[in-house]
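Asks: Quick one: the structure is below, and I'll ask about it shortly.
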Amino acid sequence: MKNKIHNCNDKVERDNIKNLKLSIKYGVISFVIILISWIFINVINSEKVGITTMDIDKLFNVIRNTGISSILSSIFAGLIIGIVFYFYIFPRRTRN
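Okay, here's the thing in structure tokens:
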């Protein structure tokens, strides 16, 4: 009997670790997607000159400046998505 309880606890711990790793993965992926989208939208909206007519140096400077300013909002959104997966979506999936 004791062995069954121990095996059950190990399975729960493995599932929790698996869910944590998966939610971190989803959070990082959503962070990257949001950051790239945010940079792309801000670069297009901030420059009146077309991207195709920009110098490469100027384009990298614009991307760097908008990227630095966009990182905090992307981190916050990715963190929220990871937390929602870990505390809400994965527990509901295991109950069903």
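Residues in the sequence shown are numbered from 51 upward in steps of one, following the numbering used here.
From the three backbone atoms N, C-alpha and C, an ideal C-beta is built for every residue, glycine too.
What are the start and end residues of the alpha helix (DSSP H) that includes F137?
Replies: F137 -> no alpha helix (DSSP H), and no H or E assigned at all.
Asks: Would you grab the beta carbon distance between S120 and L72 for me? Rounded to a whole angstrom, and I think it's under 8 Å.
Replies: That belief does not hold up - the Cβ atoms of S120 and L72 are roughly 25 Å apart, past 8 Å.
Asks: DSSP three-state label for D60, please.
Replies: helix
Asks: Pull up the distance between the alpha-carbon of I133 and that of N111, whole angstroms please.
Replies: 33 Å
Asks: F140 to V62, Cα distance in whole Å?
Replies: 13 Å
Asks: Tell me the rounded alpha-carbon separation between I94 and G77.
Replies: 26 Å
Asks: Determine, using beta carbons only, whether G117 and I89 come nearer to each other than 7 Å.
Replies: yes
Asks: Is it buried or exposed for I131, if we count other Cβ within 10 angstroms and need 16 for buried?
Replies: buried
Asks: One question on the structure: do F81 and S124 come within less than 7 Å of each other, judged by their Cβ atoms?
Replies: Yes, the Cβ-Cβ distance between F81 and S124 is below 7 Å.
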